[in-house]
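Asker: For the sequence shown, this note's numbering begins at 32 and goes up steadily by one. All residues carry an ideal CB built from backbone N, CA and C; glycine is no exception. Sharing a structure below in structure tokens format, with a few things to ask.
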Amino acid sequence: MKKLVTLCLSVYVILASTVYAQNTGNSDKTTASLTAASMGLKDAYAGKFLIGAAGDIPNRYSESELANIKANYNVITPENCMKPQPTHPSEDKYNFTIPDTLVQWCLDNNIKIWGHTLAWHAQTAPWFFEAEPSETEETATRPTRPPAMTEDRRGPRLSMAEFWRRRISGPLASREVAIERLKNHIMTVVGRYKGRIIGWDVFNESIADSGDYTTENLRTFSWYQVVGPDVLTMAFKWAHEADPDAQLYYNDYNIEQGAVENTGKHASSMLLLKRLIKEGAPITGVGIQGHWHLDTNLKDVEQAIIDYASLGLKVAITELDVTATGSNSGAFGGFGRNNAPIPPENYEKQAKVYKALFEIFMRHSDVIDRVTFWGISDTRSWRRGRDALIFDGELQPKPAYKAIMDLGTGKNE
Ligand code: GLA
């Protein structure tokens, strides 16, 4: 039986790779007629939800990678280039070259674009929060997060709040000044792409990781400290004003956790969303990031979708990846520093988890608009070394890809 499964999988992988070759322009005549197999993920889920990937395309992507993107995805989230830091490194300077190229490439290839992200505590230049904006212009598109230090090498890792505080020079800006800066930022960025970007993550990751889950438990620094909790509602209103047709989402990680018991970060997210709705924020939906692992609690995932839908909101899975090793699901922790080989059975388990997740998404496809992977292959992933995506480092389909494709095309029935 095991041999049969291995044989079937091998045949499938060969087929999928040939189709991939076909899509890259290297096709041969034998593959040209494989109509069913030439379906990409986006086709398998057409009519259910969009299938997306994150990437700062097309710069520095190979022809094969771009062909893979065109074959499998119908919506792209810019991985870094539209975040506040790279787009707005100092008060009077915007950088739109990379985002403009991305938007044009997607439009030329009939791929939608999801904007990420208008406001966040991370990857945001310090000047936004300073009474006297510092002159240092930071244009890097790489993440500005606390470096993942190990205790033995460089001392303990800084908390996000401390990391944020150390980047600010001098006193903090007043509430009024900070409001004006965020408003200008949002009106400029959303306005520029009006009608071309289908929607935006307006606020990213507002809820703290631990604390009192009978409250919204917002982070205590950055926008929440300088402006206050009402900054979220304001941001949604400005984004709506700048592009009334854009869908507007609140995006966060681990907000499904505790859904079955109505505790944890999920409970806080429900309180926050209810308040935003009450305050008249024009919010369309919630992005569950979906940085998951082999033991992610699937019941929480499904209950969270049900809960958000009960508020009249749409749901998207915005940053999906499932590590093939370890059980860390948060935004930090483990860039594959431990180079131990991943046992082959983990890829089968990973396929099962991906399949179970997509079964949930299918059951709720009436409220799920989009499922986006955070990267296109195990080398184009922030969780490098943990093989969290559905194409391997060589861009070959993994068992997870087959599991999702079979489900989407009804092959398992
Ligand atoms: C968060 C952000 C993303 C990205 C990932 C890690 O989930 O929303 O933009 O930075 O972390 O790469």
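Does Lys429 pass the burial test, meaning 16 or more other C-beta atoms within 10 Å, or should it be called exposed?
Answerer: Buried is the call here.
Asker: Quick one: using the 10 Å Cβ neighbour count with 16 as the cut-off for buried, is Lys296 buried or exposed?
Answerer: Lys296 should be labelled buried.
Asker: I need the DSSP call for Gly364, collapsed to helix, strand or coil.
Answerer: With a pLDDT of 41 at Gly364, under the threshold of 50, the modelled position of this residue cannot be trusted; read the value that follows with caution. Coil.
Asker: Identify, in the order they occur along the chain, each residue of the same chain with its Cβ nearer than 7 angstroms to the Cβ of Glu163, setting aside the five sequence neighbours on each side.
Answerer: Only Gly201 meet the Cβ criterion.
Asker: So, at 6 angstroms on beta carbons, what are the nonlocal neighbours of Glu236 in its own chain, with the 5 sequence-adjacent residues on each side left out?
Answerer: Around Glu236: Asp283.
Asker: For the candidate residues Leu72, Arg394, Thr251, His147, whose alpha-carbon lies nearest to that of Pro109?
Answerer: The option with the nearest alpha carbon to Pro109 is His147.
Asker: Could you have a look at Gln278 and say whether DSSP puts it in helix, strand or coil?
Answerer: Correct three-state label for Gln278: strand.
Asker: What are the start and end residues of each continuous beta strand (DSSP E) run of 3 or more residues lying completely inside the segment 131-158, in chain order?
Answerer: Taking only runs of at least 3 residues, the beta strand (DSSP E) segments lying wholly in the segment 131-158 are 143-150.
Asker: CB-CB under 7 angstroms to Ser408, same chain, minus the five flanking residues each way: which ones, in chain order?
Answerer: Excluding positions up to five away in sequence, the list reads Leu420, Phe422, Asp423, Gly424, Leu426.
Asker: Going straight from the alpha carbon of Ala204 to that of Arg196, what length do you get?
Answerer: Cα to Cα, the separation comes out at about 13 angstroms.
Asker: With a threshold of 6 angstroms on Cβ separation, who are the neighbours of Gly71 within its own chain once the five nearest residues in sequence on each side are excluded?
Answerer: Excluding residues within five positions, the ones whose Cβ falls inside 6 angstroms are Ala102, Asn103.
Asker: What is the DSSP secondary structure of Thr410, reduced to helix, strand or coil?
Answerer: Here Thr410 sits in coil by DSSP.
Asker: Buried or exposed: Thr66, going by 16 or more other Cβ atoms within 10 Å of its Cβ?
Answerer: Confidence at Thr66 is low in this model, with a pLDDT of 43, below 50, so the placement of that residue is unreliable and no value is reported for it.
Asker: If we count Cβ pairs, one from each stretch, closer than 8 angstroms, do we get three or more for the segment 241-260 versus the segment 375-384?
Answerer: The segment 241-260 is not in contact with the segment 375-384.
Asker: Could you spell out where the alpha helix (DSSP H) holding Trp195 opens and where it closes?
Answerer: First-last of the alpha helix (DSSP H) with Trp195: 191-198.
Asker: Could you check what DSSP says for Thr245 in three-state terms: helix, strand or coil?
Answerer: Coil.
Asker: Decide if Thr246 is buried, meaning its Cβ has at least 16 other Cβ atoms within 10 Å, or exposed.
Answerer: Answer is exposed; the Cβ neighbour count stays below 16.
Asker: How long is the line joining the alpha carbons of Thr181 and Thr264, rounded to whole angstroms?
Answerer: A caution first: Thr181 carries a pLDDT of 38, below 50, which makes its placement in the model unreliable, though a value can still be read off. Roughly 38 angstroms between the two C-alpha positions.
Asker: Measure the C-alpha to C-alpha separation of Asp232 and Ser121 and round it to an integer number of angstroms.
Answerer: Between Asp232 and Ser121, the C-alpha separation is close to 21 angstroms.
Asker: Taking buried to mean at least 16 other C-beta atoms within 10 Å of its own C-beta, is Ser412 buried or exposed?
Answerer: Buried, because 16 or more other Cβ atoms sit within 10 Å of the Cβ of Ser412.
Asker: The alpha helix (DSSP H) spanning Phe389 covers which residue range?
Answerer: Note, Phe389: alpha helix (DSSP H), 375-394.
Asker: How long is the line joining the alpha carbons of Trp323 and Thr349, rounded to whole angstroms?
Answerer: Roughly 12 angstroms between the two C-alpha positions.
Asker: Measure how close the beta-carbons of Trp254 and Ala335 come, nearest whole angstrom, since I'm counting them as under 8 angstroms.
Answerer: Actually they do not touch by this definition, with Cβ atoms about 24 angstroms apart.
Asker: Suppose you measure from the CA of Phe80 to the CA of Ala239; what does that come to, to the nearest Å?
Answerer: Their Cα atoms are separated by approximately 30 angstroms.
Asker: Hey, how far is the Cα of Ala431 from the Cα of Ser93?
Answerer: Ala431 and Ser93: Cα-Cα distance of roughly 23 angstroms.
Asker: The alpha helix (DSSP H) that contains Leu426, what's its start and end?
Answerer: First-last for Leu426: undefined, no H or E at that position.
Asker: At 3 residues or longer, what runs of the beta strand (DSSP E) sit wholly inside the segment 65-123?
Answerer: Listed in chain order, the complete beta strand (DSSP E) runs (minimum 3 residues) inside the segment 65-123 are 81-85, 106-108.
Asker: For a test of the three-state rule: what should DSSP assign to Ala273, helix, strand or coil?
Answerer: If DSSP states are grouped into helix, strand and coil, Ala273 belongs with the helices.
Asker: Applying the 10 Å Cβ sphere with the 16-neighbour rule, what's the burial state of Glu211?
Answerer: Glu211 should be labelled exposed.
Asker: When burial is assigned at 16 or more other CB atoms within 10 Å of the CB, is Gln381 buried or exposed?
Answerer: Flag for Gln381 reads buried.
Asker: Would you identify the three-state DSSP class for Val221, choosing helix, strand or coil?
Answerer: Three-state result, Val221: helix.
Asker: Got a sec, what are the start and stop residues for the beta strand (DSSP E) Asp352 sits in?
Answerer: Counting along the chain, the beta strand (DSSP E) containing Asp352 begins and ends at 345-353.
Asker: So, using beta-carbon positions, are Leu304 and Leu249 closer together than 8 angstroms?
Answerer: Not a contact, by the Cβ cut-off of 8 angstroms.
Asker: To the nearest angstrom, how far is the alpha carbon of Ser190 from that of Phe160?
Answerer: Approximately 18 angstroms between the Cα atoms of the pair.
Asker: With DSSP as the reference, label Arg206 as helix, strand or coil.
Answerer: Residue state, collapsed to three classes: helix.
Asker: Whose C-beta lies closer than 6 angstroms to the C-beta of Ile228 among residues of the same chain, with five residues either side of it excluded?
Answerer: Ile144, Gly146, listed in sequence order.
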